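These notes concern the structure reproduced below.
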Amino acid sequence: MTTAPDAPKSRSGQVQSLTRALSVLNVIADNSPGLTLTGIARKLGLAPSTTHRLLTTLQEERYVQYDRDSSHWQIGLQAFVAGNGFLSSRDLVSVARPFMRRMMEKSGETINLAIPDGDHVIYLAQVESREMMRVYSKPGKRVPLHCSGVGKAILMTMTDADIDRIASTEGLARLTDKTITDPDQLKQHLAGCRPLGFALDDEEHAVGLRCVASVIYDEYAEPMAAVSISGPAARISTAQLQEIGETTRFFAGEITTALGGQPPKGA
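So this is what it looks like as structure tokens:
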């Protein structure tokens, strides 16, 4: 009789511990090449003792690992296995990769595939350029919508109200001098991109890099991903943007068709 009232508290505590453990996992994943225990605790606002207990539990299950040389906690093998389980449950990457290789051969530049994740995008796969100087975006990396090529491609499918909401809740962080941080200017920019069928990141996410991206649609004509061509601004000149944009749009359409998707009417 005396234990019944404690049951909900116990379940609540278990949920809280799970939430905290997932937060630990997420913060390590977002901070390559890892963080110290103190750094993790500070970022999450947890006591070091609580953080250590969560880390050792995750370590036992191989979701994190400890690097004694750097004293950093890093993502473990099981997290990679779990992530691959997600990828294998969808055929997006396997279907898109042959088209991505063709895109790389045609453009000579690096090709990225990304999916929307709330008000960000996450890179899923990449086919690297054969050039010595090339762009690298680690699969699993999370970037803002407003200043990345793949993100802006997804933004092109959103309404002005959606863009205002993102600007008011997430903010439009300035990553370079060219980053568009004014919502009205961003909406005007995207309005010019929509008729073209591709979005441009003109050194807005990283100085010296350009990225051209188009949307991949699902069977409901909803955006499910974006594919991009990325490279140094020295190689992707202003004169080449239209041609590269048309290449990106063409292959995005090919991937959409291969997945059984369809673009919205008028797109």
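The sequence shown begins at 1269 in our numbering and counts up by one. The C-beta atom is built at its ideal place from N, Cα and C for all residues, glycine as well. Note that the structure is predicted; figures quoted are calculated from it, not measured.
Residue i and residue j: beta carbons closer than 8 Å?
| i | j | result |
| --- | --- | --- |
| I1448 | R1478 | no |
| A1491 | I1422 | It is worth fixing the name first, because residue 1491 is Pro in this sequence and not Ala. In contact: P1491 and I1422 (Cβ atoms closer than 8 Å). |
| L1413 | H1388 | yes |
| A1489 | L1381 | no |
| L1440 | L1454 | yes |
| T1516 | A1481 | yes |
| K1533 | D1469 | no |
| L1305 | L1326 | no |
| A1309 | Y1331 | no |
Under a three-way DSSP split, which group does residue i fall into?
| i | result |
| --- | --- |
| H1340 | strand |
| S1357 | Bear in mind that a pLDDT of 49 at S1357, under 50, signals an unreliable position, so the number given afterwards is only what the model happens to contain. Coil at S1357, not helix or strand. |
| A1393 | strand |
| G1499 | strand |
| S1285 | helix |
| E1522 | helix |
Can you tell which of the options has its C-alpha closest to the C-alpha of residue i?
| i | options | result |
| --- | --- | --- |
| A1350 | A1429, L1464 and G1408 | G1408 |
| M1372 | K1533, D1385, V1495 and L1293 | V1495 |
| L1307 | Y1331, R1321, H1340 and F1466 | The residue you asked about is not Leu; residue 1307 is Gly in the sequence shown. If we check each option's Cα against that of G1307, H1340 comes out closest. |
| T1444 | S1416, H1457 and K1311 | S1416 |
| G1344 | R1321, Q1508 and E1328 | E1328 |
Tell me whether residue i, by its Cβ, gets closer than 7 Å to a heavy atom of the ligand FMN.
| i | result |
| --- | --- |
| G1460 | As far as ligands go, the structure on display features none, and thus does not contain the ligand FMN. |
Going straight from the alpha carbon of residue i to that of residue j, what length do you get?
| i | j | result |
| --- | --- | --- |
| S1357 | L1527 | Here S1357 scores only 49 on pLDDT, less than 50, and its place in the model should not be relied on; the value that follows carries that caveat. For S1357 and L1527, the distance between alpha carbons rounds to 14 Å. |
| S1498 | E1514 | 14 Å |
| P1531 | T1524 | 8 Å |
| P1276 | V1283 | Bear in mind that a pLDDT of 40 at P1276, under 50, signals an unreliable position, so the model cannot answer this. |
| N1299 | R1410 | 11 Å |
| P1451 | G1302 | 34 Å |
| T1271 | R1288 | Note that T1271 has pLDDT 38, beneath the 50 cutoff, so the model's placement of it is unreliable and no number is given. |
| S1362 | A1315 | 43 Å |
| M1424 | Q1456 | 11 Å |
| K1374 | V1292 | 42 Å |
**OP:** Flag this pair as touching only if the region 1481-1499 and the region 1515-1529 have three or more C-beta atom pairs under 8 Å; answer yes or no.
**Re:** With the rule of 3 Cβ pairs closer than 8 Å, the region 1481-1499 counts as touching the region 1515-1529.
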